[in-house]
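Colleague:
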Amino acid sequence: MLEVSDEELDKAFSMGMNIDFFPETVLNFVGMCIGREDYLCGQIGLMRRILGYEGMKYDFDKDLKY
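By this note's numbering, the letter at position 1 of the sequence shown is numbered -8, and the numbering carries on one by one without gaps.
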């Protein structure tokens, strides 16, 4: 993602949604994929708690430079 240009992200990418106010572009597709991953992590956390396990947690490596 760090190396892709704005022009490449703005290219048309058909998702079959056919919604007038939502442009089907590469950038919006990437955003939808990230949103889907967030949703699934939440569902996994919920199921873990239902089954008596600790919910999802995110460990951060403070030495990692972004």
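Just so you know, even glycine gets a beta-carbon here, dropped at the ideal spot from N, CA and C.
Relative to the C-alpha of Leu18, which candidate in Met6, Leu42, Cys32 has its C-alpha closest?
Modeller: Among Met6, Leu42, Cys32, the Cα nearest to that of Leu18 belongs to Met6.
Colleague: I need the straight-line Cα distance from Glu(-2) to Leu31, nearest angstrom please.
Modeller: The alpha-carbon atoms of Glu(-2) and Leu31 are separated by roughly 30 Å.
Colleague: Quick one: Cα of Gly43 to Cα of Gly33, how far?
Modeller: Computed Cα separation, rounded: 15 Å.
Colleague: Can you check which of these residues, Ile25, Leu37, Asp52, is closest to Gly46 by C-alpha distance?
Modeller: It is Leu37.
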